[in-house]
Amino acid sequence: MPNTAAVIVDALACAGVRHVFGYPGSQNMRFIEEMRGSPVEFVLTTHEASAGFMADVSARLTGRPGACLSTLGPGATNMTTGVGNAFLDRVPVLAFTGTMGSRWRRRTVQMQIDHRRLFAPITKWNTEIRPSSAWRTMTRAIAVAEAEQPGPVHLDFPEDVAEERSSGKMPRDYPPPAAAPPKPGGDLLSRVELLLRAARYPLVAVGLTANRSGCTGALRAVVNKHRLPVVSTLMAKGHVPDSDPMFVGVLGRARRELVA
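In my numbering, the protein residues as written are 939 to 1198.
Pasting the structure below:
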């Protein structure tokens, strides 16, 4: 029966994650050691914020969730910078924080803070890894991270739990990746036409979902057909060229989350 750290590494490998970016410490050493010889490579960074940013970029380049790892306290607070960026840009990232074992609960420990409260505002979901449910936790974490709208999840990993034997099930057939946003087909374009006919002053706002859905061609066709003014969020620039006379500019702030 494998220990919990091995189960987590195996789950990452089955999900297509090939790198974990992070900074080592006594609380996460077992997790790092379990990556030795596995398909998952630990990549040492000079700062935990860099680990978060590297996980973010890895997810964008590979199409699989990125993964980053920190120690407790200041290591975790450092990593929030990169994880927060993934949250704002809708990027699936698994953020692991090593923490003190259960015997240190309710004691004053140097540098220890409540990681789950720290990450709650910048993640879609967060939890603590337990031996009896490690595989199930990873399955849910990856599904939540990849579901629309994608984003980071946080997993707190106590050092003693990493050593414990996991009694949970480990199905080898990992669930398929979450479905991408629908491609712009006939039904969707028909709905767009109806909305345009009903609008008094139509304006197209292009957001991050356009990056994932591959709608650039269809978007430009609709804009050109109806001569629609277009604004873009910062991370969705390029779907309509800046040189296009119908491109109004970049929208830095939006009143509704739907636009972002």
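A virtual CB, placed ideally from N, CA and C, is assigned to each residue, including glycine.
Nearest by alpha-carbon distance to W1063: which of M1038, D1094, L1189, G1176 is it?
As a working note, residue 1063 is residue 125 in the sequence shown. Cα-wise, what sits closest to W1063 is D1094.
Would P1088 and P1030 qualify as a contact pair, given that the criterion is a beta-carbon distance under 8 Å?
One-based indexing of the sequence shown puts residue 1088 at position 150. One-based indexing of the sequence shown puts residue 1030 at position 92. Cβ distance < 8 Å, so P1088 and P1030 count as in contact.
When you compare only the Cα positions, how much space is there between D1182 and V1168?
Translated into the one-based positions of the sequence shown, residue 1182 becomes position 244. Translated into the one-based positions of the sequence shown, residue 1168 becomes position 230. Roughly 9 Å separates the two Cα atoms.
Please report how far the alpha carbon of W1073 lies from the alpha carbon of E986, in whole angstroms.
Counting from 1 along the sequence shown, the entry for residue 1073 is found at position 135. Counting from 1 along the sequence shown, the entry for residue 986 is found at position 48. Cα to Cα, W1073 sits roughly 25 Å from E986.
How big is the Cα-Cα spacing for E1102 and I970?
Within the sequence shown, the letter at position 164 stands for residue 1102. Within the sequence shown, the letter at position 32 stands for residue 970. Cα-Cα distance, rounded: 15 Å.
Under the rule that 16 or more other beta-carbon atoms within 10 Å means buried, what is G975, buried or exposed?
Here residue 975 refers to the residue found at position 37 when the sequence shown is read from its first residue. That one is exposed.
Taking the straight line between their C-alpha atoms, what separation do you get for L1134 and V1142?
What you label residue 1134 is simply residue 196 of the sequence shown in a count that begins at 1. What you label residue 1142 is simply residue 204 of the sequence shown in a count that begins at 1. Computed Cα separation, rounded: 10 Å.
With DSSP as the reference, label A1137 as helix, strand or coil.
Here the question's residue 1137 lines up with position 199 in the sequence shown. Residue state, collapsed to three classes: coil.
Considering just the uninterrupted stretch of the alpha helix (DSSP H) at G1013, what are its terminal residues?
Residue mapping note: residue 1013 aligns to position 75 of the sequence shown, counting from 1. 1012-1026 is the extent of the alpha helix (DSSP H) around G1013.
How many Å lie between P1012 and S1170 at the Cα?
Position 74 of the sequence shown, counted from the first residue, corresponds to residue 1012. Position 232 of the sequence shown, counted from the first residue, corresponds to residue 1170. Each residue's Cα considered, the two are about 36 Å apart.
Suppose contacts are defined by Cβ-Cβ distances below 8 Å. Is G960 in contact with S996 by that definition?
Start at 1 with the first residue of the sequence shown, and residue 960 comes out as number 22. Start at 1 with the first residue of the sequence shown, and residue 996 comes out as number 58. No, they are not a contact pair.
Just curious, the beta strand (DSSP E) that A1033 is in, first and last residue?
For the purposes of this step, residue 1033 is identified with residue 95 of the sequence shown, where counting begins at 1. A1033 -> beta strand (DSSP E) spans 1031-1037.
Name the two residues that bound the continuous beta strand (DSSP E) containing D1094.
Indexing the sequence shown from 1 puts residue 1094 at position 156. From DSSP, the beta strand (DSSP E) with D1094 extends over 1091-1096.
Can you check which of these residues, L1157, M1017, T984, T1075, is closest to D948 by C-alpha distance?
Counting from 1 along the sequence shown, the entry for residue 948 is found at position 10. Ranking the options by Cα distance to D948, first place goes to T1075.
Within 10 Å of its beta-carbon, does L1157 have 16 or more other beta-carbons around it, so buried, or fewer, so exposed?
As a first step, residue 1157 must be located in the sequence shown, where it is residue number 219. The residue in question, L1157, is buried, as its Cβ has 16 or more Cβ neighbours within 10 Å.
Who pairs with G1187 in a beta bridge, going by DSSP?
Stepping through the sequence shown from its first residue, residue 1187 is reached at position 249. Partner(s): V1169.
Under three-state DSSP, which class holds N1064?
To locate residue 1064, count along the sequence shown from 1; it is residue 126. Strand at N1064.
Using only the alpha-carbon positions, how far apart do D1111 and A944 sit?
As a first step, residue 1111 must be located in the sequence shown, where it is residue number 173. As a first step, residue 944 must be located in the sequence shown, where it is residue number 6. At D1111, the pLDDT of 49 sits below 50, so the modelled position is not reliable; the number obtained from the coordinates is stated separately. Each residue's alpha carbon lies about 17 Å from the other.
Any idea what DSSP makes of H957, helix, strand or coil?
Within the sequence shown, residue 957 is the residue found at index 19, counting from 1. H957 falls in the strand class under three-state DSSP.
Taking the straight line between their C-alpha atoms, what separation do you get for V1091 and F1034?
Translated into the one-based positions of the sequence shown, residue 1091 becomes position 153. Translated into the one-based positions of the sequence shown, residue 1034 becomes position 96. Their Cα atoms are separated by approximately 9 Å.
What is the DSSP secondary structure of C1006, reduced to helix, strand or coil?
Working through the sequence shown from its first residue, we reach residue 1006 at position 68. Looking at C1006 - three-state DSSP - the assignment turns out to be strand.
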